[in-house]
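Undergrad: Numbering (this note's numbering), first residue to last: 49 to 194.
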Amino acid sequence: MNNIQIFTMSLSDFYEIEPIYNSEFDDFWETSILKAELENTNSKYIIARLDNQIVGFAGIWISVDDIHITNIAVKKSYRNNGIGSILLENLIIMSKKLNKSSLTLEVNTKNIYAQKLYLKFGFKNLGIRKKYYNGTEDAYIMTLYF
Ligand SMILES: CC(C)(COP(=O)(O)OP(=O)(O)OC[C@H]1O[C@@H](n2cnc3c(N)ncnc32)[C@H](O)[C@@H]1OP(=O)(O)O)[C@@H](O)C(=O)NCCC(=O)NCCS
């Protein structure tokens, strides 16, 4: 998909996707978490637009020595079309400009597609966080060093 456009995510973008968030993004967050993230000055979020509809979003949280990818999600019917890759590429560019040395994330050990996305961009699997999700499911810790 070569007509994807990337923008900084605003609160009005949040209200645009809020009604379809659970059904069409099928993401692991509650919408309240995304809204709180947009109001957090240490966070930066972007959206992907196609034909004027929001088809994906992603964000980072900036700490003293590292940057954390907090979430990346593509609308269910648009997945496997390269949109996740475009979002991740933009997060990497943003992160490099912030002069930090690495970008880290957690991913569910069962989430094979997300892991493939991160491996494609050079992230390394550095270990496991047991029972990271809801006290039951494990996460891999993956990091990209610049
Ligand atoms: C993970 C997610 C963001 C990927 O978005 P996407 O737009 O489908 O990603 P892309 O199309 O750029 O695919 C990236 C890679 O993932 C793999 N992949 C994605 N979907 C796949 C599928 N249906 N079958 C096989 N491989 C797939 C491929 O390796 C692909 O790279 P390639 O096509 O160059 O080989 C998307 O699946 C999603 O929104 N999942 C739900 C939310 C989530 O789990 N987020 C991750 C939180 S850690």
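Cβ atoms here follow ideal geometry from the backbone N, Cα and C, with glycine treated the same way.
Please read all numbers here as calculations on a predicted model, not as lab measurements.
1) Answer with buried or exposed for S84, where buried requires no fewer than 16 other C-beta atoms within 10 angstroms of its C-beta.
2) Between the C-alpha atoms of E137 and F169, what's the straight-line distance to the nearest angstrom?
3) Excluding the five sequence neighbours on either side, which residues of its own chain have a C-beta within less than 7 angstroms of the C-beta of F62, listed in chain order?
4) To which residues of the same chain is F55 closer than 8 angstroms at the C-beta, ignoring the five residues directly before and after it?
5) Report the three-state DSSP secondary structure of T79 (helix, strand or coil).
6) Decide yes or no for the touch test of the segment 160 to 168 against the segment 141 to 152: beta carbon pairs closer than 8 angstroms, at least 3 of them.
7) Buried or exposed, going by whether 16 or more other CB atoms sit within 10 Å of the CB of I176?
8) Mind checking which residues open and close the alpha helix (DSSP H) that includes S142?
9) Using DSSP's beta-bridge definition, name the partner residues of N156.
10) Assuming A187 and Y180 make a contact with CB atoms under 8 angstroms, what is their CB distance in whole Å?
11) DSSP three-state call for F169: helix, strand or coil?
12) Nearest by alpha-carbon distance to F76: which of I110, I52, N100 and K123 is it?
13) Skipping 5 residues on each side, what residues in its chain have a beta carbon closer than 6 angstroms to that of A162?
TA: Walking through what the data contain:
1) Checking the sequence shown, residue 84 turns out to be Ala, not Ser. It is exposed - the Cβ of A84 has fewer than 16 other Cβ atoms within 10 Å.
2) Approximately 8 angstroms between the Cα atoms of the pair.
3) The residues are L82, K83 and L86.
4) If we look at F55 and ignore the five residues flanking it on each side, its Cβ neighbours are D61, I94, I95 and R97.
5) helix
6) In short, these stretches do not touch, since the Cβ pair count stays below three.
7) Per the 10 Å Cβ criterion, exposed.
8) The residue you asked about is not Ser; residue 142 is Met in the sequence shown. Element bounds for M142: I131 to K145.
9) A187
10) 4 angstroms
11) coil
12) K123
13) V155
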